[in-house]
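Counting with full-length UniProt numbering, you get residues 1 to 109 for the letters of the sequence shown. The structure appears right after this line, and notes come after that.
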Amino acid sequence: NTSWLLRSRAPNPSGRTRGHGIQSSGPTIQDYLNRPRPTWEGVEEQLEKKRKGSKALAEFEEKVNENWKTELEKHREKLLSGSESSSKKQTQRKNKEKKKSGSGRDMWG
Numbered sequence: 001n002t003s004w005l006l007r008s009r010a011p012n013p014s015g016r017t018r019g020h021g022i023q024s025s026g027p028t029i030q031d032y033l034n035r036p037r038p039t040w041e042g043v044e045e046q047l048e049k050k051r052k053g054s055k056a057l058a059e060f061e062e063k064v065n066e067n068w069k070t071e072l073e074k075h076r077e078k079l080l081s082g083s084e085s086s087s088k089k090q091t092q093r094k095n096k097e098k099k100k101s102g103s104g105r106d107m108w109g
């Protein structure tokens with residue numbers, strides 16, 4: 001027996017709308033099923049447009065990536081050439097320090 005469901009304090013809202021004749025807003029299921037759909041040719045055209053667009057985007061991204069790689073290589077070469085010269089400077093400094101400390105006696109000797 002389901003009569004206790006009808007007497008409950010929190011009835012199903014969808015059941016209540018059906019029972020009291022209140023109509024819900026928005027499209028019905030029938031409207032949804034009867035909506036206009038694209039033809040197969042239309043679907044194929046849309047897919048082709050997407051493919052063309054993605055190809056153009058891919059080509060653009062490749063160009064940008066190539067430019068970025070060349071910039072990185074240039075920057076890397078610049079840093080490497082700078083680090084070589086700085087390492088040479090460091091070895092020259094060490095040699096000068098060795099000459100200074102090795103040439104004379106220390107304070108207590």
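We treat Cβ as the ideally placed atom computed from N, Cα and C, and that holds for glycine.
Starting from residue 23 and walking both ways along the alpha helix (DSSP H), at which residues does that stretch end?
Element bounds for residue 23: n/a, residue is neither H nor E.
May I have the straight-line CA-CA distance separating residue 62 from residue 56, to the nearest angstrom?
Each residue's alpha carbon lies about 10 Å from the other.
In angstroms with no decimal places, state the Cα-to-Cα distance between residue 26 and residue 35.
Rounded to whole angstroms, residue 26 to residue 35 spans 14 Å at the Cα level.
For a test of the three-state rule: what should DSSP assign to residue 28, helix, strand or coil?
Residue 28: coil per DSSP, three-state reduction.
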